[in-house]
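To keep things clear, I will list the structure first and then write my remarks on it.
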Amino acid sequence: MLKKIFRKTFLSWRQMSYKKGRLAVAIAGIAFADLLMFLQLGMKDALFDSQVRPYAILQGDLFIVNKLSDNLNAIKSFSRDNLYQAVGVDGVDSVSFLYIGQANWRNPENQGSRQIFVYGINPNKPAFDLPEVNRQLDQLLLMNNALFDRAGLLPQIGDVPKLLATENPLDVQVNNYKIKITGLFTLGSSFSAEGNLITSDSTFLRLFKRRQANDIDVGIIRLKPNANIQLLQAELKSILPDNLLVLTRDEFADRERTYWANGSPIAYIFGFGVVIGFLVGTVIVYQILYTDVSDHLPEYATLKAMGYSDLYFVRIVLQEAFILATLGFIPGIFISNGLYIMTQSATFLPIAMKLSRAITVLTLTIVMCILSGAIAIQKLRAADPADIF
1 MLKKIFRKTF LSWRQMSYKK GRLAVAIAGI AFADLLMFLQ LGMKDALFDS QVRPYAILQG
61 DLFIVNKLSD NLNAIKSFSR DNLYQAVGVD GVDSVSFLYI GQANWRNPEN QGSRQIFVYG
121 INPNKPAFDL PEVNRQLDQL LLMNNALFDR AGLLPQIGDV PKLLATENPL DVQVNNYKIK
181 ITGLFTLGSS FSAEGNLITS DSTFLRLFKR RQANDIDVGI IRLKPNANIQ LLQAELKSIL
241 PDNLLVLTRD EFADRERTYW ANGSPIAYIF GFGVVIGFLV GTVIVYQILY TDVSDHLPEY
301 ATLKAMGYSD LYFVRIVLQE AFILATLGFI PGIFISNGLY IMTQSATFLP IAMKLSRAIT
361 VLTLTIVMCI LSGAIAIQKL RAADPADIF
């Protein structure tokens, strides 16, 4: 049995490798299709990962948000008094809050305007679990001081780390208001903003003059050790107004991810790109296999006249499709990984090769090639040995 399978596979490979130029074109075409799918899926994951990255560094166990807040771009405020209702609940250790806003940033190098996220925190009750930030909280106690995200899109918003090395503090303008950059931290840009600032709550309110001090965007609740998070979550839900949500970290991040997956056209665009890559690969493989079948039609007809069944030829063509899928996937994944590294280095977006994504693209590649082979087989099955000879 194994000998028969090997013989058929050997015949498939001999046919594919007979014209090496055609084989090279086929491999390049499949690698290009894989590259398209890898890039689209990679950028889609980078979109989700970059948008939920701020949630991962929040220093809390439960979070209170307005029910209308489904993403950071459209965060809705609520009364700080509601957060303080949680203080009296048994099991709650402490609470803090977060202001979030998008501000107009003036590039200190070329005076260009860009959008950045500004996070306002109480320096006495840190909201972020970032050692870099927490070591510099004393600087935020001074009015008009801010920390700058070194992992932002520096070509667009300005190379502040380089400027800060020669001038510290560095004067910048945010929302046409002069503040000082006194230190750096690392978070990373996202699809909705090209950089991030962290300020004190007092400085934040100066940057956003229409905001009221009592209107916060995120309530952060830290629980005592060994507290039951599910029971406390249910208890807080029962005492807070219906317009507020009490979320775990995962639930909080999932709301953001769900918004970008279902409420934003960007995710659909990336998904459409994957479909385009799949179709491009299908057409390329079909043309290669169809041409191969046409070139060898007399030989196939001879075997057919000798009594070989259609199933025999189907196996050969599908084996050719599988060989092409494997050979095309190898350069595709290596080139894509290189582009991921280049993109991450240039943009600081969290884009990297994942095993799940590699398996997805490999599966799509095999399906793409087998589908093309199944279509190309129709010409062979319809061939009559008498007509050919």
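Residues in the sequence shown are numbered from 1 upward in steps of one, following the UniProt record's numbering. Using N, Cα and C, we set each Cβ at its ideal position, and we do this for glycine too. Note that the structure is predicted; figures quoted are calculated from it, not measured.
Could you pull out every unbroken alpha helix (DSSP H) segment of at least 4 residues lying fully inside the segment 46 to 112, listed in chain order? 80 to 84
Just list the residues that DSSP pairs R114 with in beta bridges. On the sequence shown, position 114 is the one that residue 114 refers to. Looking at the DSSP assignment, R114 forms a beta bridge with W105.
For I239 and K180, I'd like the C-alpha separation in whole angstroms. In the sequence shown, residue 239 corresponds to position 239, counting from 1. In the sequence shown, residue 180 corresponds to position 180, counting from 1. Going by the C-alpha atoms only, they are around 41 Å apart.
C-alpha distance - A227 paired with G91, whole-angstrom precision: Against the sequence shown, residue 227 aligns to sequence position 227. Against the sequence shown, residue 91 aligns to sequence position 91. About 6 Å.
Any idea what DSSP makes of Q136, helix, strand or coil? Counting from one through the sequence shown, the residue named residue 136 turns up at place 136. Q136 falls in the coil class under three-state DSSP.
Buried or exposed for E167, please, with buried defined as at least 16 other CB atoms from any protein chain shown within 10 angstroms of its CB. Here residue 167 refers to the residue found at position 167 of the sequence shown. Exposed, because fewer than 16 other Cβ atoms sit within 10 Å of the Cβ of E167.
Cutoff 8 Å: F148 Cβ touching any chain C Cβ: Judged by its chain identifiers, the structure shown contains no chain C, having just a single protein chain.
What number of angstroms, rounded off, separates the C-alpha of L187 from the C-alpha of L36? Taking the sequence shown and counting its residues from 1, one reaches residue 187 at position 187. Taking the sequence shown and counting its residues from 1, one reaches residue 36 at position 36. Each residue's Cα considered, the two are about 28 Å apart.
From this set, G42, A33 and V25, which residue's C-alpha is nearest L355's C-alpha? The residue given as residue 355 occupies position 355 in the sequence shown. Checked all of G42, A33 and V25; the closest Cα to L355 is G42.
Length of the line joining the Cα atoms of Q102 and F117: Numbered from its first residue, the sequence shown carries residue 102 at position 102. Numbered from its first residue, the sequence shown carries residue 117 at position 117. Going from the Cα of Q102 to the Cα of F117 covers about 5 Å.
Note down, one range per segment and in chain order, each alpha helix (DSSP H) of at least 4 residues found wholly within the segment 187 to 251. 201 to 207 and 229 to 239
Buried or exposed for residue 390, please, with buried defined as at least 16 other CB atoms from any protein chain shown within 10 angstroms of its CB. What the structure shows of the chain is the stretch from 1 to 389, and residue 390 is not part of that stretch, so it cannot be assessed.
Closest to P54 by CA distance: which of I269, V246 and L98 is it? Numbered from its first residue, the sequence shown carries residue 54 at position 54. Closest option to P54, Cα to Cα, is L98.
Candidates K44, L207, I229 and R106: closest to V172 by CA position: If you number the sequence shown from 1, residue 172 lands on position 172. The shortest C-alpha separation from V172 is found at R106.
Run the CB neighbour count on Q378, radius 10 Å, all protein chains shown included, and call it buried at 16 or more, exposed below. Within the sequence shown, the letter at position 378 stands for residue 378. Q378 comes out exposed.
Could you please give the first and the last residue of the uninterrupted beta strand (DSSP E) stretch that includes K178? Residue mapping note: residue 178 aligns to position 178 of the sequence shown, counting from 1. Looking at the DSSP string, the run of the beta strand (DSSP E) that includes K178 is Y177 to F185.
With C-beta atoms as the reference, is D45 less than 8 Å away from G332? Reading the sequence shown from its first residue, position 45 is the one you call residue 45. Reading the sequence shown from its first residue, position 332 is the one you call residue 332. Result no, Cβ atoms of D45 and G332 do not sit closer than 8 Å.
Could you have a look at L2 and say whether DSSP puts it in helix, strand or coil? As a working mapping, residue 2 is identified with position 2 in the sequence shown. Residue confidence for L2 is low, a pLDDT of 40 falling below 50, so the modelled location carries little weight and cannot support an answer.
By how many angstroms is the C-alpha of L289 removed from the C-alpha of F278? Position 278 of the sequence shown holds residue 278. Position 289 of the sequence shown holds residue 289. Taking the straight line from one Cα to the other gives about 16 Å.
Is the distance from the Cβ of R206 to the Cβ of Y177 below 8 Å? Translated into positions along the sequence shown, residue 206 becomes position 206. Translated into positions along the sequence shown, residue 177 becomes position 177. Taking 8 Å as the Cβ cut-off, R206 and Y177 qualify as a contacting pair.
Spell out a yes or no on whether the segment 193 to 205 and the segment 135 to 154 are touching, meaning 3 or more CB-CB pairs, one atom from each, closer than 8 Å. yes
Please say whether G112 and G152 have beta carbons closer to each other than 8 Å? Within the sequence shown, residue 152 is the residue found at index 152, counting from 1. Within the sequence shown, residue 112 is the residue found at index 112, counting from 1. In this structure, G112 does not lie closer than 8 Å to G152 by Cβ.
With a threshold of 7 Å on Cβ separation, who are the neighbours of L39 within its own chain once the five nearest residues in sequence on each side are excluded? The residue labelled residue 39 in the question sits at position 39 within the sequence shown. Counting only Cβ-Cβ distances below 7 Å, and skipping sequence neighbours, we find S336 and L339.
What first and last residue would you give for the beta strand (DSSP E) that runs through L349? As a first step, residue 349 must be located in the sequence shown, where it is residue number 349. Premise fails: L349 is in no beta strand (DSSP E) and is neither H nor E.
Compute the distance between the beta-carbons of N71 and L244, then report whether it is under 8 Å. Indexing the sequence shown from 1 puts residue 71 at position 71. Indexing the sequence shown from 1 puts residue 244 at position 244. Going by C-beta atoms, N71 is not nearer than 8 Å to L244.
Using a threshold of 8 Å, state whether the C-beta atoms of F63 and I220 are closer than that. By 1-based counting over the sequence shown, the position of residue 63 is 63. By 1-based counting over the sequence shown, the position of residue 220 is 220. Yes, the pair counts as a contact, with Cβ atoms nearer than the cut-off.
Burial state of G183, where buried means 16 or more other Cβ atoms lie within 10 Å: In the sequence shown, the residue the question calls residue 183 occupies position 183. The residue in question, G183, is buried, as its Cβ has 16 or more Cβ neighbours within 10 Å.
Residues near Q59 in its chain [Cβ-Cβ closer than 8 Å; skip 5 each side]: As a working mapping, residue 59 is identified with position 59 in the sequence shown. Hits under 8 Å: S96, P126, A127, F128, D129, I220 and R222.
Whole-angstrom C-beta distance between V317 and V293, which should lie under 8 Å: By one-based count along the sequence shown, residue 293 stands at place 293. By one-based count along the sequence shown, residue 317 stands at place 317. About 7 Å; that satisfies the 8 Å criterion.
Within 8 Å, strictly: CB atoms of S372 and T282: Position 372 of the sequence shown, counted from the first residue, corresponds to residue 372. Position 282 of the sequence shown, counted from the first residue, corresponds to residue 282. Going by C-beta atoms, S372 is nearer than 8 Å to T282.
Could you give the DSSP three-state label for D159: helix, strand or coil? Looking up residue 159 in the sequence shown gives position 159. Coil at D159, not helix or strand.
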